[in-house]
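Peer 1: Before we start, here is the structure in question, set down as structure tokens.
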Amino acid sequence: MRVLSGIQPTGNLHLGNYLGAIRNWVRMQEEISAQGGQCLYFLADLHAISMPHDPAQLTANTRAMAAALVACGIDTDRSILFNQARVPAHAELQWLLNGTARMGWLNRMTQWKDKAGKNREGASAALFTYPVLQAADVLLYQTTHVPVGEDQKQHLELARDVAQKFNNDYCAPDAPVFTLPEPIIPKEAARIMSLRDGSAKMSKSDPSDMSRINLTDDADLMNQKVKKARTDPEPLPSEPEGLEGRAEARNLVGIYATLANQSVADVLRDFAGQGFGQFKPALAELMVEKLGPINQRFTALREDSAALDAILAKGAERARELATPTLDASYAALGLCR
Ligand code: ADP
Ligand code: TRP
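The structure is reproduced here in structure tokens:
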């Protein structure tokens with residue numbers, strides 16, 4: 014098994030990123046390395062230039078995100094951690110795959126439609142070909158499994174379509190260049206909602222900082238945010254069904270369950286009949302217990318740019334080595350002389 018996933022280095026991580034994505038990466042790292050497989054995790058800095066950005070901010074965010082991933086438990090001895098820009102094979106393979114990806118496929122991507130909005134003429138070409146770079150990320154390493162959130166499913170399907178068409182068009186049937194990757198989308202899909210609005214996803218782009226828990230928040234701030242979180246006046250039910258129509262209550266119970274590695278039913282068994290006056294302090298305490306150590310490791314690491322650059326450079330060297338055979342085979346299949 015070879016596992017790969019990426020995340021854009023856009024600002025600090027929040028609880029949604031941690032519970033929805035990164036914690037899964039850490040789990041897979043344990044499982045896959047026990048089976049002799051390899052995990053690759055990277056910061057998608059090349060993807061980040063598809064939207065207007067501040068170069069100095071991108072550099073800072075890339076290092077901060079590397080620190081956050083290590084603080085969350087990505088072990089750089091077992092997993093390969095790097096940023097795309099240090100592995101030029103990503104950009105090279107994207108160009109080679111641009112000959113295979115079809116305009117029609119890219120036009121149907123919901124992320125393109127959402128992010129370009131009404132201003133398609135003014136959107137960058139990189140935003141349009143974003144999914145081809147993502148296909149290159151995955152296909153470059155003969156990746157078998159890609160842990161991602163539900164929102165990335167369509168991009169993974171595109172990567173499979175590109176791989177299939179390339180294999181069909183340019184390879185002998187018994188010697189395909191690319192492996193078709195499978196997405197891994199967590200079932201209990203930890204979808205963490207805003208603390209201010211149970212119908213909106215917790216997101217770094219929410220203008221209110223009170224809507225999210227950041228990995229940089231200290232214990233005081235976490236306590237404050239949980240205390241101010243929107244709720245309803247009802248006590249907690251004894252069964253999960255009782256949370257229907259109570260988006261905010263369901264979100265807080267869901268966060269508790271995910272952090273405690275319990276089911277929602279288990280949590281409700283313990284808190285049935287209690288009001289938020291009792292539940293919220295318990296939730297805040299659990300949050301501080303689970304996120305406090307991550308916060309401390311992050312704070313210690315983030316200032317050390319040299320150490321972070323060294324981690325990313327070492328990861329990139331290993332990634333470049335793994336990428337070479339597939340990149341060479343892609344050039345050769347297309348008849349490109351080098
Ligand atoms: P944001 O919505 O804050 O901009 P991104 O889109 O950069 O976050 O997502 C980075 C990763 O974190 C993705 O894998 C995404 O699926 C996951 N993620 C982001 N927000 C949440 C959330 N509220 N709940 C669960 N997972 C999330
Ligand atoms: N597009 C992904 C996101 O926004 C990040 C990403 C880039 C990625 N390349 C990838 C994820 C390859 C998985 C595999 O979250």
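Every position in the sequence shown, counted from 1, becomes a number in my numbering once 13 is added.
Using N, Cα and C, we set each Cβ at its ideal position, and we do this for glycine too.
Bear in mind that the values here come from a model prediction, so they are computed numbers and not experimental data.
Closer than 8 Å: is that where the CB of Lys407 sits relative to any heavy atom of the ligand ADP?
Peer 2: Beyond the ends of the chain as shown, which are 14 and 351, falls residue 407; an answer cannot be given.
Peer 1: From the DSSP output, in three-state form, read off Lys217 for me.
Peer 2: Residue state, collapsed to three classes: coil.
Peer 1: Would you give the residue range spanned by the alpha helix (DSSP H) that Phe95 belongs to?
Peer 2: Where Phe95 is concerned, there is no enclosing alpha helix (DSSP H), although the beta strand (DSSP E) it sits in stretches over 93 to 96.
Peer 1: Jot down the residue ranges of each uninterrupted alpha helix (DSSP H) in the stretch 147 to 218, minimum 4 residues, whole runs only, in chain order.
Peer 2: As far as the stretch 147 to 218 is concerned, its whole alpha helix (DSSP H) runs of at least 4 residues are 166 to 183.
Peer 1: Just to confirm the assignment, what range does the alpha helix (DSSP H) spanning Leu299 have?
Peer 2: From DSSP, the alpha helix (DSSP H) with Leu299 extends over 289 to 315.
Peer 1: Quick check on this structure: which residue in Pro196, Phe179, Glu195, Pro194 has the alpha carbon closest to the alpha carbon of Ala188?
Peer 2: For the residues Pro196, Phe179, Glu195, Pro194, the minimum Cα distance to Ala188 belongs to Phe179.
Peer 1: Return helix, strand or coil for Ser18, following the three-state DSSP convention.
Peer 2: Looking at Ser18 - three-state DSSP - the assignment turns out to be strand.
Peer 1: For Tyr54, which beta-bridge partners are listed by DSSP?
Peer 2: Bridge partners of Tyr54: Ser18, Leu94.
Peer 1: Would you tell me roughly how many angstroms separate the C-alpha atoms of Ala77 and Pro248, rounded to the nearest one?
Peer 2: C-alpha separation (whole angstroms): 40 Å.
Peer 1: Measure the C-alpha to C-alpha separation of Gln51 and Gly258 and round it to an integer number of angstroms.
Peer 2: Using only the alpha carbons, I get a separation of about 42 Å.
Peer 1: As a quick exercise: from Ile62, Ala342, Leu82, Ala73, pick the residue whose alpha carbon is nearest that of Val39.
Peer 2: It is Leu82.
Peer 1: For His60, list the residues DSSP reports as bridge partners.
Peer 2: In DSSP, His60 forms no bridge with anything.
Peer 1: For the ligand TRP, I want to know if Leu171 counts as a neighbour, meaning its beta carbon is within less than 8 Å of at least one of the ligand's heavy atoms.
Peer 2: Incorrect: Leu171 has no Cβ contact closer than 8 Å to the ligand TRP.
Peer 1: Does DSSP put Asn74 in a helix, a strand or coil?
Peer 2: Residue state, collapsed to three classes: helix.
Peer 1: Does the beta-carbon distance from Thr157 to Met300 come in below 9 Å?
Peer 2: No, these two residues do not count as a Cβ contact at 9 Å.
Peer 1: Mapping the DSSP letters down to three states, classify Asn227 as helix, strand or coil.
Peer 2: Strand, per DSSP.
Peer 1: Assuming contact is defined by CB atoms lying nearer than 9 Å, are Val161 and Ala34 in contact in what I supplied?
Peer 2: In this structure, Ala34 lies closer than 9 Å to Val161 by Cβ.
Peer 1: Assign Gly27 to one of three DSSP states: helix, strand, or coil.
Peer 2: For the sequence presented, residue 27 should be read as His rather than Gly. In this structure, His27 counts as strand in the three-state DSSP scheme.
Peer 1: Comparing the CB of Leu193 with every heavy atom of the ligand TRP, is any distance shorter than 8 Å?
Peer 2: No, the beta carbon of Leu193 sits no closer than 8 Å to any heavy atom of the ligand TRP.
Peer 1: In the DSSP assignment, the alpha helix (DSSP H) including Ala346 goes from what residue to what residue?
Peer 2: Looking at the DSSP string, the run of the alpha helix (DSSP H) that includes Ala346 is 318 to 346.
Peer 1: Below 8 Å, is the gap between the Cβ of Val161 and the nearest heavy atom of the ligand TRP?
Peer 2: The answer is yes for Val161.
Peer 1: Cutting at 6 Å between CB atoms, please list the residues of its own chain near Ala342, excluding the five before and the five after it.
Peer 2: Closer than 6 Å at Cβ, skipping near neighbours: Val190.
Peer 1: Could you compute how far the alpha carbon of Glu298 sits from the alpha carbon of Asn236?
Peer 2: The straight-line gap from Cα to Cα measures roughly 8 Å.
Peer 1: Alpha carbons only, please: which of Thr229, Ala80, Val145, Lys240 is nearest the one belonging to Ala319?
Peer 2: The candidate whose alpha carbon is nearest that of Ala319 is Ala80.
Peer 1: To the nearest whole angstrom, what separates the beta carbons of His27 and Asn308, a pair I think is in contact under 8 Å?
Peer 2: Between Asn308 and His27 the Cβ distance is about 12 Å, and since that is not below 8 Å, they are no contact.
Peer 1: Nearest to Pro22 by alpha carbon, out of Gly29, Asn96, Ala332, Glu261?
Peer 2: Ranking the options by Cα distance to Pro22, first place goes to Asn96.
Peer 1: Helix, strand or coil, according to DSSP, for Val68 in the structure here?
Peer 2: Residue 68 is actually Pro in this sequence, not Val. Helix at Pro68.
Peer 1: Out of Ala98, Gly286, Tyr269, state which residue places its alpha-carbon closest to the alpha-carbon of Ala295.
Peer 2: Here the closest residue by C-alpha is Tyr269.
Peer 1: Let's see if you can read the secondary structure: which residues bound the alpha helix (DSSP H) around Ala104?
Peer 2: 102 to 111 is the span of the alpha helix (DSSP H), which, as asked, contains Ala104.
Peer 1: Within the continuous alpha helix (DSSP H) that includes Ile45, where are the two ends?
Peer 2: Taken as a continuous stretch (DSSP letters only), the alpha helix (DSSP H) holding Ile45 covers 36 to 47.
Peer 1: Among Ala323, Val151, Ala242, Thr271, whose alpha-carbon lies nearest the alpha-carbon of Lys303?
Peer 2: Ranking the options by Cα distance to Lys303, first place goes to Thr271.
Peer 1: Could you pull out every residue in the same chain whose Cβ sits closer than 8 Å to the Cβ of Ala329, ignoring the five residues on either side in sequence?
Peer 2: Phe95, Asn96, Arg99, Val100.
Peer 1: Please report the Cβ distance between Leu53 and Ala332, rounded to the nearest whole angstrom; I am assuming they are in contact, meaning their Cβ atoms lie under 8 Å.
Peer 2: Confirmed, Cβ separation roughly 6 Å.
Peer 1: For Asn9, name the three-state secondary structure that DSSP assigns.
Peer 2: Nothing can be reported for residue 9, as the shown portion of the chain is limited to 14 through 351.
Peer 1: Excluding the five sequence neighbours on either side, which residues of its own chain have a C-beta within less than 6 Å of the C-beta of Gly63, listed in chain order?
Peer 2: The sequence shown places Ser at residue 63, rather than the Gly named in the question. If we look at Ser63 and ignore the five residues flanking it on each side, its Cβ neighbours are Ser137, Ala139, Leu140, Tyr143.
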